[in-house]
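**Student:** This is the structure, below, for whatever I ask next.
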Amino acid sequence: MLFCRESLRFLMSLVGMRGLVAGASGLASLFRRGRFYCCSRGGGMGTRAKLAKRALETDMPVMVQIQELMRGTKEAISLAQGVVYWPPPEQALEKVKELVWDPSISKYGADEGLPELRQALIEKLRRENNLNKSAVMVTAGANQAFVNVVLTLCDPGDSVVMFAPYYFNAYMSFQMTGITNILVGPTDPKTLQPDAGKSFVTCFAKVKQPLEKTLSQDPIPKLVTVVNPGNPSGAYIPEPLLVKLSDLCKRAGVWFVVDNTYEYFMYDGMKHSCIEDNHIVNLFSFSKAYGMMGWRVGYIAYPEAVDGLAAQLLKVQDNIPICASIISQHLALRSLEVGSEWVRDRVQNLVRSRDILTKALAPLGKENVRGGQGAIYLWAKLPEKFSDDYEIVRWLVRKHHVVIIPGSASGSPGYVRISFGGLKEADCEVAAYRLKKGLEELVKDGMVE
Ligand SMILES: Cc1ncc(COP(=O)(O)O)c(C=O)c1O
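All residue numbers for the sequence shown refer to our numbering, where the first residue is 128 and numbers rise by one.
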């Protein structure tokens, strides 16, 4: 029987939460064993016993914890959240402004998305992503797209494969849907790309074996998932590696789910690519590209030829959002009309912020700063003696008023994620100054108060 981290965490939380009362904000952060734990207002042992295991055993979202932390330090500047600083295209906003009085905006729309948006997306997938056989479902963001896909493809008790450092929300989607066996594989320490060949996959029991073997053994995993380019690593998966992973999945009869949220966020002349086949599902988002985080629009590009897939996806969609917000879908359509060059121009401006923050991480040693080929993230290893990343994040906020994300949230303790998308250059300079000062102090004197 596998010794599962989720079960351990659940037991720990039951024992540890006894008698703890939530704070006035409704969420109280509690620091234990190197982590922040939160409990809901009024929660005691009796109340918790009635809550669903699927929720209790799911990690507390790291962003909720970070927001809580920031509330206590007003002057803190954030390099934490994965956001961009730009708003949606002005032309698109102007057009949508006129639509608010149209009665159709206030009605439900087709579950799978506005027909004109889906048509525009199918053309975009052909033109930009070389995806010619994919059907499209519009969702309330890529996170909801991922949940739809997991609910459609996986059953409780299934196993799935991801690579650390992984995208924390994807991990939580698995936990939440009853997938008890999340197999976490390694990435190459230098490139941070999934290690597909000689890799081993751990089931918290440290079973060492190549991915190919893991995919051929009972219980055969239902899906393998990657983010390209990566969150939290900022590493990009070149097409040959994407094809290799896909081939391994295909041979084993396993789904391959690729999150392309950062498709336009590529630097240094590198090019993002997508692949398609009947076992591949591609996910996309309008959030970062078009500065539409709060409008909540993403989409699933799935193989049209697979019998029943569209119908099952529709069941999930109808029970979660019914449809993505109609006004948001109109903004997505108008933004698509503005075009991807608009996005690429803004993305290129991030190179400067990436460089500023790379320099700020210098106290950790050049060899310990990785990623940043794509997406909006740098990934850095903390000195061995300060491997408690949660504690260091807390200290940096408290003492130096700068916020980053602990690597533990992505299955990689002893690391941190730094986002370079959310601040304009001048603010980024301020954040970088604080971060550098904090890291210099950390390395030299430790976490002095
Ligand atoms: C890899 C990845 N997928 C999905 C999302 C969520 O995107 P959306 O806002 O479209 O739900 C994010 C946001 O940080 C992300 O980094």
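Note that beta-carbon positions come from the ideal geometry of N, C-alpha and C, so glycine has one too. In this text the structure is predicted, and so the values were computed from the model without any measurement.
Would you report the Cα separation of K340 and G541, rounded to the nearest angstrom?
**Tutor:** So the alpha carbons of these two residues sit roughly 29 angstroms apart.
**Student:** Put V575 into one of helix, strand or coil per three-state DSSP.
**Tutor:** Residue state, collapsed to three classes: coil.
**Student:** Identify, in the order they occur along the chain, each residue of the same chain with its Cβ nearer than 8 angstroms to the Cβ of L460, setting aside the five sequence neighbours on each side.
**Tutor:** Closer than 8 angstroms at Cβ, skipping near neighbours: L241, E243, L244 and A247.
**Student:** Measuring CA to CA, which of A262, G305 and K493 is closest to R283?
**Tutor:** As written in the sequence, residue 283 is Pro, which differs from the Arg given in the question. The shortest Cα separation from P283 among A262, G305 and K493 belongs to G305.
**Student:** Taking 7 angstroms as the cut-off, is the CB of S535 close to at least one heavy atom of ligand 1?
**Tutor:** Checking every heavy atom of ligand 1 against the Cβ of S535, none is found closer than 7 angstroms.
**Student:** Work out the CA separation of L569 and V575 for me, nearest whole Å.
**Tutor:** Going by the C-alpha atoms only, they are around 8 angstroms apart.
**Student:** By DSSP, does A151 sit in helix, in strand, or in coil?
**Tutor:** Model confidence at A151 stands at a pLDDT of 30, short of 50, so the residue's coordinates are unreliable; what they give is reported in the following sentence. If DSSP states are grouped into helix, strand and coil, A151 belongs with coil.
**Student:** Please state whether DSSP places N409 in a helix, a strand or coil.
**Tutor:** Residue state, collapsed to three classes: strand.
**Student:** With DSSP as the reference, label F137 as helix, strand or coil.
**Tutor:** Reliability of the predicted coordinates at F137 is poor, the pLDDT of 34 falling under 50, and the value obtained from them is presented with this limitation in mind. The answer is helix: DSSP assigns F137 an H, G or I state.
**Student:** Mapping DSSP to helix, strand and coil, what is M190?
**Tutor:** In the structure shown, M190 sits in a helix (DSSP, three-state: H, G or I).
**Student:** Does the count of Cβ pairs from the stretch 548-556 and the stretch 493-500 closer than 8 angstroms reach three?
**Tutor:** No contact exists between the stretch 548-556 and the stretch 493-500.
**Student:** Are the CB atoms of V433 and V276 nearer to each other than 8 angstroms?
**Tutor:** Their beta carbons are not under 8 angstroms apart, which means V433 does not touch V276 by this criterion.
**Student:** Evaluate I347 with the Cβ neighbour count: other Cβ atoms within 10 Å of its Cβ, from every protein chain shown; 16 or more gives buried, anything less gives exposed.
**Tutor:** By the neighbour-count rule (16 or more Cβ atoms within 10 Å), I347 is not buried but exposed.
**Student:** Is the distance from the Cβ of W462 to the Cβ of P216 below 8 angstroms?
**Tutor:** In the sequence as displayed, the identity of residue 462 is Ser instead of Trp. Cβ atoms of S462 and P216: closer than 8 angstroms.
**Student:** For my contact list, A502 and F413 are in at a C-beta cut-off of 8 angstroms; report their separation, rounded to the angstrom.
**Tutor:** Incorrect: roughly 16 angstroms between the Cβ atoms, too far for contact.
**Student:** Residue ranges of each beta strand (DSSP E) run of no fewer than 3 residues wholly in the stretch 252-297, ordered along the chain?
**Tutor:** With a minimum length of 3 residues, the continuous beta strand (DSSP E) runs that stay inside the stretch 252-297 are 261-266 and 286-290.
**Student:** Following the continuous beta strand (DSSP E) through R479, name the residue where it begins and the one where it ends.
**Tutor:** Per DSSP, R479 belongs to no beta strand (DSSP E); it is in the alpha helix (DSSP H), S467 to A487.
**Student:** For G565 and K377, I'd like the C-alpha separation in whole angstroms.
**Tutor:** Cα to Cα, G565 sits roughly 47 angstroms from K377.
**Student:** Taking just the CA atoms, how far does A536 sit from W382?
**Tutor:** Near 25 angstroms, if we compare the C-alpha coordinates of A536 and W382.
**Student:** Using C-beta distances below 6 angstroms, list every residue in its chain close to R481, excluding the 5 sequence neighbours before and after it, in chain order.
**Tutor:** Excluding sequence neighbours, R481 sits near G499 and F547.
**Student:** Using the beta-carbon count (16 or more within 10 Å), is K571 buried or exposed?
**Tutor:** So K571 counts as exposed.
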